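In order, the protein sequence lines correspond to chains A and B.
Counting in our numbering, the first sequence runs from 1 upward without gaps.
Counting in our numbering, the second sequence runs from 1 upward without gaps.
First comes the structure, then the notes that go with it.
Protein chains: 2
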Amino acid sequence: MVKPTSVSNTIRSLRFANGEMTQAALADRIGVTRQTVIAIEQGRYSPSLEVAFQIAQVFKVSLDDVFQYPDLP
Amino acid sequence: MVKPTSVSNTIRSLRFANGEMTQAALADRIGVTRQTVIAIEQGRYSPSLEVAFQIAQVFKVSLDDVFQYPDLP
DNA sequence: CTGTGATGTTAATAATATTTGACATGGAAA
DNA sequence: TTTCCATGTCAAATATTATTAACATCACAG
Numbered sequence: 001m002v003k004p005t006s007v008s009n010t011i012r013s014l015r016f017a018n019g020e021m022t023q024a025a026l027a028d029r030i031g032v033t034r035q036t037v038i039a040i041e042q043g044r045y046s047p048s049l050e051v052a053f054q055i056a057q058v059f060k061v062s063l064d065d066v067f068q069y070p071d072l073p
Numbered sequence: 001m002v003k004p005t006s007v008s009n010t011i012r013s014l015r016f017a018n019g020e021m022t023q024a025a026l027a028d029r030i031g032v033t034r035q036t037v038i039a040i041e042q043g044r045y046s047p048s049l050e051v052a053f054q055i056a057q058v059f060k061v062s063l064d065d066v067f068q069y070p071d072l073p
């Protein structure tokens with residue numbers, strides 16, 4: 001892992017909360033590859049705003065329900 | 001002109017609502033260049049999630065208050 | 001045991017975001 | 001007018017993120 005992003009997310013929980021949606025199924029819904037979903041879910045990098053919005057849209061939640069950014073120290 | 005993003009934002013309003021903050025001042029606060037702020041504000045491309053979070057943090061609002069994504073048709 | 005689906009890894013490449021630096025414009029002072 | 005400041009534009013370079021493909025592991029059904 002070269003440089004994990006500082007943005008965390010709840011994608012894994014949201015997938016399971018939505019009928020055991022697989023990573024491949026989610027990737028399909030938002031039009032990216034399965035590897036992209038894996039990388040984002042693992043926090044290996046933070047996605048573009050557009051992809052982030054699409055993920056939130058699939059789960060019918062707000063952006064802030066999917067991604068968390070640490071407060072200033 | 002080449003390919004405007006589908007994500008819109010309220011950065012300009014937020015800047016003026018926060019004591020006439022200039023683009024340069026905002027760029028400074030979030031650690032990017034002035035040109036980046038201009039491009040984002042104009043919707044020429046959507047920023048990374050991290051930059052998006054930092055902008056929201058400066059104005060003390062949520063991500064959804066800064067950026068808007070069109071609903072599914 | 002064999003096969004299958006879900007998940008994970010890596011490396012290479014493509015695409016997009018960001019930086020840098022230079023220059024232009026309009027408005028508001030001095 | 002001249003100067004300063006905020007805004008905007010452009011092109012080229014770098015950095016970051018996304019895509020693809022190939023392969024590995026694990027759990028589990030048959």
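Heads up, the beta-carbon is just placed ideally off N, CA and C, and yes, glycines get one too.
Values in this document were obtained by computation on a predicted structure and should not be read as measured data.
Output the boundary residues of the alpha helix (DSSP H) element that contains V61 of chain B.
First-last for V61 of chain B: undefined, no H or E at that position.
Mind checking the segment 14-37 of chain A against chain B and listing, in chain order, the residues whose C-beta falls within less than 7 Å of any C-beta there?
Residues passing the 7 Å Cβ filter: none.
May I ask which residues mark the beginning and end of the alpha helix (DSSP H) holding T36 of chain B?
Note, T36 of chain B: alpha helix (DSSP H), R34 to E41.
Judging by CA-CA distance, which residue of B:V37, B:Q54 and B:T10 is the nearest neighbour of T22 of chain B?
Of B:V37, B:Q54 and B:T10, the residue nearest in Cα terms is B:V37.
Could you tell me the boundaries of the alpha helix (DSSP H) in which D71 of chain B lies?
Careful: D71 of chain B lies outside any alpha helix (DSSP H) and carries neither H nor E.
Using the three-state DSSP reduction, which class does S6 of chain B fall into: helix, strand or coil?
It is coil, neither helix nor strand.
Out of B:S8, B:G43 and B:F59, point me to the one whose CA is closest to I30 of chain B's CA.
The shortest Cα separation from I30 of chain B among B:S8, B:G43 and B:F59 belongs to B:F59.
Going by alpha carbons, who is nearest to V7 of chain A out of A:L49, A:V61 and A:A17?
Of A:L49, A:V61 and A:A17, the residue nearest in Cα terms is A:L49.
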